[in-house]
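Report on one structure; see the data block that follows.
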Amino acid sequence: MIYLDSAATTLQKPERVAHAAARAIRACASPGRGGHRPAMAAGETAFACRQAASELFGVGDPERVVFTCNATHALNIAINSLVEAEDAVVISPWEHNAVTRPLAALGADVRVAAAPLFDADAALAAFDRQLTPEVKCAICTHCSNVFGMVMPVEAIAGLCRERGVPLIVDAAQSAGCLSVDLENWGAAFVAMPGHKGLYGPQGTGLLLCGADAPVRPLLYGGTGSASLRQEMPDFLPDRLEAGTHNIPGVAGLLEGLRFVAKRGPEAILAHERRLVRQTREGLTQLPGVEVFGDSLGQHQAGVLSFRVHGADCEEVGRWLGERDVAVRAGLHCAPLAHKAAGTLDTGTVRVSFSAFNTAGEVERFLCLMERLTRGR
Amino acid sequence: MVYCLILCRSLTYAQRTAKALERAGISAYITRPPRAITGEGCGHAVRVPQRRLSDALRALARVGLPAQRVFVSESDGSYREVAL
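Going down the list, the protein sequences come from chains A and B. For the first sequence, the residue numbers in my numbering are 1 to 376. For the second sequence, the residue numbers in my numbering are 1001 to 1084.
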């Protein structure tokens, strides 16, 4: 199997991830629920994971690292905390349904900071224009899940700070390979999954909360603290963590975070960019293949989309799948991004890489694509 | 042994507190405090030797984790709140 769908979930994980999750199933109970050894072991695992995340992502204290089920869950909490019906919210054109659907459900006045693909300067200028005084919140993906475009989040965060607009960053595709720095950005929230570039198990995610961000719970229930009160605790992380934690997942995520910290996000990004470049150069040689890539490579991470003229992208995905190459075809839960890029009618085929992919795998994928497109 | 309990609002806060004390060379561990002193029910506390309480309070103030409420154990098993 050549697995090129890490933008959805990294399949290949460090060995320690599965071992840690299995150990936690046997040895850990629930953090904060009881003072016995299995409960304390769970608490130590959770705290170690919060600490590892706070160090990697520039969070001042580990209490502001909140466990969630995934990035979507984290984004829902963030959006629900900052946005009310009819509030003006500026978003990038590359947002996932995890952003646009909660905004639609809340009845927000959504304004898209439209700019061409891979044009970071235009993206910044669009935010500059859209961040008018009535705007209540800005939301920006750090990296498009469809096209791999890296957004100038640091500069956008600067604009938001200047204008007093709270910023939510969707780091679903960037956590683990791009620099994520909550305090430096001054963002209200940064949301990320555990199961993609952090190499944790599915069912894990993190919400990093700014020191002054207002936080409104999505779930209400037991927290192992202040139990006599019927309101949720007013302190983090308990305010946003009702119910029993996914401790096997957290234990696995801790090992994933350690893997990323040890290898270094910069090294992982450089590796993925090499594979993207190899893929882009190979695909552009093939007849009838349209590749959506940043020719300079400066504004693209480890995700690349393409389409084959005259071939349905789902058919291309199926054909590759039958030959043991896993890619993702369709709209990638991001119709807004496809609309912005002009690919809404066709969708695209997406390849996405992890630290475990190799140049040899890309070579074999390109050979198959050469077979598929021969004679076009 | 006479000991003190530093009450903490959450397990995570207790963990930060215990780590800070360990870094300062003060033996500390997390425990569930008796119901009689938790006030709001279900809480966590960090247990330190009474003779190190002053050092502990100073260390916590230095790292921005000031103690809110502290209790000292009595020989009859009860707890007395320490004025901070």
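In this text, a Cβ means the ideal position worked out from N, Cα and C, and glycines have one as well.
{"Asked": "Run of the beta strand (DSSP E) containing A/Thr141, from where it starts to where it stops", "Found": "Val135 to Thr141"}
{"Asked": "Length of the line joining the Cα atoms of B/Thr1031 and A/Thr10", "Found": "38 Å"}
{"Asked": "Where A/Met151 sits in the DSSP three-state scheme", "Found": "coil"}
{"Asked": "Extent of the continuous beta strand (DSSP E) to which A/Leu304 belongs", "Found": "Val303 to Val308"}
{"Asked": "Boundaries of the beta strand (DSSP E) in which A/Thr68 is found, first to last residue", "Found": "Val65 to Thr68"}
{"Asked": "Neighbour list for B/Cys1042 in chain A, Cβ cutoff strictly below 9 Å", "Found": "Gly32, Arg33, Gly222, Thr223, Gly224, Ser225, Ala226, Ser227 and Leu228"}
{"Asked": "Other residues of its chain near B/Ala1020: CB distance less than 7 Å, five sequence neighbours each side excluded", "Found": "Ala1059, Leu1060, Val1063 and Leu1065"}
{"Asked": "Terminal residues of the alpha helix (DSSP H) in which A/Glu15 lies", "Found": "Glu15 to Ala27"}
{"Asked": "Status (buried if at least 16 other CB within 10 Å, exposed otherwise) for A/Gln173", "Found": "buried"}
{"Asked": "Contacts of A/Gly243 in chain B (Cβ-Cβ under 9 Å)", "Found": "The contacting residues do not exist; A/Gly243 stays about 14 Å from chain B at best."}
{"Asked": "Rounded distance between the beta-carbons of A/Gly293 and A/Arg280, thought under 8 Å", "Found": "4 Å"}
{"Asked": "CA-to-CA distance, A/Ala52 to A/Leu254, given in whole angstroms", "Found": "7 Å"}
{"Asked": "Top-ranked residue by Cα proximity to A/Ser81, from A/Gly330, A/Val190 and A/Ala125", "Found": "A/Val190"}
{"Asked": "Test item: CB-CB of A/Val327 and A/Val351 under 8 Å", "Found": "yes"}
{"Asked": "Residue burial classification, A/Ala85 (beta-carbon count within 10 angstroms, cutoff 16)", "Found": "exposed"}
{"Asked": "Counterpart residues of B/Glu1081 in DSSP-defined beta bridges", "Found": "B/Phe1071"}
{"Asked": "Contact set for A/Asp324: own chain, Cβ-Cβ below 8 Å, skip 5 residues either direction", "Found": "Met1 and Ile2"}
{"Asked": "Three-state class that DSSP yields for A/Asp238 in the structure shown", "Found": "helix"}
{"Asked": "Buried or exposed (CB count within 10 angstroms, at least 16 for buried), A/Met149", "Found": "buried"}
{"Asked": "Residue-chain proximity (B/Thr1031, chain A), Cβ-Cβ < 8 Å", "Found": "yes"}
{"Asked": "Per DSSP, cross-strand counterpart(s) of A/Phe292", "Found": "A/Ser305"}
{"Asked": "Positions along the segment 1004 to 1016 of chain B whose CB lies within less than 8 Å of some CB in chain A", "Found": "Arg1009, Ser1010, Leu1011, Thr1012, Tyr1013, Gln1015 and Arg1016"}
{"Asked": "For A/Ser81, the three-state DSSP class (helix, strand or coil)", "Found": "helix"}
{"Asked": "Within-8 Å CB hit, A/Pro38 to chain B", "Found": "no"}
{"Asked": "Minimum Cβ-Cβ distance from A/Asp61 to chain B less than 8 Å", "Found": "yes"}
{"Asked": "Between the CA atoms of A/Ala155 and B/Leu1011 - distance to the nearest angstrom", "Found": "36 Å"}
{"Asked": "Per-residue contacts from A/Asp238 into chain B (C-beta, under 7 Å)", "Found": "Ser1010"}
{"Asked": "Beta-carbon gap between A/Glu63 and B/Tyr1013 smaller than 8 Å", "Found": "yes"}
{"Asked": "Assigned secondary structure, A/Thr358 (DSSP; H/G/I helix, E/B strand, else coil)", "Found": "coil"}
{"Asked": "Test item: CB-CB of B/Gln1068 and B/Leu1007 under 8 Å", "Found": "yes"}
{"Asked": "Option in A/Leu236, A/Ile79 and A/Leu331 with minimal Cα separation from A/Gly60", "Found": "A/Leu236"}
{"Asked": "CB contact flag (A/Val65, A/Leu159, <8 Å)", "Found": "no"}
{"Asked": "Cβ contact check for the segment 210 to 229 of chain A and the segment 256 to 265 of chain A: 3 or more pairs under 8 Å", "Found": "no"}
{"Asked": "A/Glu241, buried or exposed, once every other Cβ within 10 Å from all chains shown has been counted against 16", "Found": "buried"}
{"Asked": "Contact set between A/Gly58 and chain B, taken where Cβ atoms lie within less than 7 Å", "Found": "What A/Gly58 touches in chain B: nothing, since even the nearest Cβ is about 17 Å away."}
{"Asked": "Given A/Ala211 as reference, the closest of A/Asn357, A/Pro152 and A/Gly58 once Cα atoms are compared", "Found": "A/Gly58"}
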